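Plus 4 on top of the position in the sequence shown (first one is 1) and you've got my numbering.
Virtual Cβ for every residue (Gly too), placed ideally from N, Cα, C.
From a predicted model like this one, the values you see are computed outputs, not experimental measurements.
Before any comments, here is the structure.
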Amino acid sequence: MSALEHCPLVIFIAYTVPPDAEPRGYSQWLRDVDMPFFNAIPGTGHYANWRIGEMLEGGAPAWDYFDFQGLDSEEDLERVWFNPDLDGFRRNWLKLWGYGRGEAPPVLRHAYLMRRVGTVSPGRDTRLTLSAGTGALPEGAGDVRWQVEGVLHKHFGGASDKAWLTPTSEGNPLGLDWMSAGYGDAAPAAEATLACRAELIAAPDRLP
């Protein structure tokens, strides 16, 4: 297991669930089933589930949950993304929880490959400030910063004739070029077009 900040690449997964998911025990299911499953995938260094709280900048996005899947190394990306157990797990997730709507928009049907940039300040907080924006990645924003550099299609986009990984220059449903996390109640990056507080649901190295 690695700290998220030490993972060279991170897969960012943004999603939402139906209104009745939490009353039916969704967060506990993430702790008991989802988070342990993903952290057991060879090549995954850190997998954690977060939920958006207060919006600080910009309108509320189409997603109110997000996961970080940090990889042990750059070479682990393909074997993690094509792990043979993932298709069955995703089908079961859709059966149990779904997206909370008839058809998920493109931003929720893909995942996003992010590359860590610059120095990091590891933290074990259960609360963070997520900042994101377009254009150049700002210096010194947050405790860890990432450049969004790819769109992953395999398990989130369904059948497609596209490559499983495409550069953001060919289309980026997330609409963001960079992201940063500041632990605790850190101030959002001044350049952010989207910023929010987020609360930890499940992680391998800390309790919510």
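query, result
"Cutoff 7 Å; reference Arg55; Cβ partners in own chain excluding five residues on either side", "Asp68, Tyr69, Ala202, Glu203, Ile205"
"Minimum C-alpha distance to Ala136 - residue among Val148, Val121, Leu180, Leu112", "Leu180"
"Residue interval of the beta strand (DSSP E) (run including Leu169)", "169 to 171"
"First and last residue of the uninterrupted beta strand (DSSP E) at Asn53", "48 to 61"
"Member of Val21, Phe72, Thr138, Gly57 whose CA lies at the smallest distance from the CA of Pro177", "Thr138"
"Distance between beta carbons of Trp150 and Val121, contact taken as under 8 Å", "6 Å"
"Test item: CB-CB of Leu8 and His50 under 8 Å", "yes"
"Leu13 - partner residues in DSSP beta bridges", "Arg119"
"Candidates Tyr187, Tyr103, Arg128, Leu13, of which the one nearest Ala66 by Cα", "Tyr103"
"Cβ-Cβ distance between Leu117 and Gly154 below 8 Å", "yes"
"Selected residue, minimal CA-CA separation from Arg113, among Pro40, Pro192, Thr20, Met183", "Thr20"
"Buried versus exposed call for Leu81 [16 or more other C-beta atoms within 10 Å across all chains shown]", "buried"
"Span separating the alpha-carbon of Met39 from that of Val14", "15 Å"
"Three-way DSSP call (helix, strand, coil) for Met183 in this model", "strand"
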